[in-house]
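Undergrad: Residue numbering for the sequence shown follows this note's numbering, beginning at 13 and increasing consecutively.
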Amino acid sequence: MACAKFEDLLLGYAELSDAERVRADGHVAGCTACKEFLEALQAVDTNLTAQYSHRVLDANFDHALRRRIRQEIPRQRPSLVPELLDFIGWAGIVALIALWIGPLIHTPVADATQKAARWSAGILVACATFVMAGFWVALRCFADLKH
């Protein structure tokens with residue numbers, strides 16, 4: 013396999029400046045993998061040139077190609093679904109946290125049983141919040157895949 017840093021240089025070998033070509037030739041002289049890679053590129057270039065040398069492009073080919081590409085790719089507005097799902101998910105999480113913290117702050121606790129029941133309810137709400145957040149994240153990922 014050709015050296016990674018010289019691969020791009022060798023791909024554009026025909027268009028290299030004199031300094032870049034001297035650098036590439038120096039590396040190719042000492043590296044058999046890059047030499048084989050360059051020879052393969054030159055063989056492909058020679059075969060393609062021989063095969064398609066009789067074809068002549070119209071002067072308007074470049075302009076016509078760009079126009080056709082622009083016509084075939086419709087411009088789409090970005091979807092609002094991911095942002096809407098984010099808003100709903102975060103609003104749900106904030107609402108659940110508020111529902112969990114609100115009673116803990118405002119209601120006095122009479123005995124340890126009530127305190128334990130309140131904390132277990134809080135843990136249940138926290139678990140529900142976690143599951144809901146996971147659901148919204150999964151739904152958001154699915155929406156990103158579709159759009």
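Where a beta carbon is used, it is the ideal one built from N, C-alpha and C, also for glycine.
1) Between the alpha carbons of Ala150 and Ala71, how many angstroms are there, rounded?
2) Straight-line CA distance for Ala140 to Gln88?
3) With Leu28 and Ala36 assumed to form a contact (beta carbons below 8 Å), what rounded beta-carbon distance in angstroms separates them?
4) Three-state secondary structure (DSSP) at Gly42?
5) Touch check for the segment 93-105 and the segment 133-148: three-plus C-beta pairs under 8 Å?
6) Can you tell me the Cα-Cα spacing of Phe154 and Ile100, whole angstroms?
7) Which parts of the segment 59-137 are runs of the alpha helix (DSSP H), unbroken and 4 residues or longer, counting only runs that do not cross its ends?
8) Whole angstroms are fine: how far does the CA of His66 sit from the CA of Arg82?
TA: For this structure:
1) Those two C-alpha atoms are separated by around 51 Å.
2) Straight-line spacing of the CA atoms in Ala140 and Gln88 works out to 37 Å.
3) Their Cβ separation, rounded to whole angstroms, is 6 Å, which keeps Leu28 and Ala36 in contact under 8 Å.
4) Under the three-state reduction of DSSP output, Gly42 falls in the helix class.
5) Yes, since at least three Cβ pairs between the segment 93-105 and the segment 133-148 fall closer than 8 Å, the two stretches touch.
6) Spanning the two alpha carbons is a distance of roughly 15 Å.
7) Counting only runs of 4 or more, we get 73-84 and 93-118.
8) Straight-line Cα distance between these residues: approximately 29 Å.
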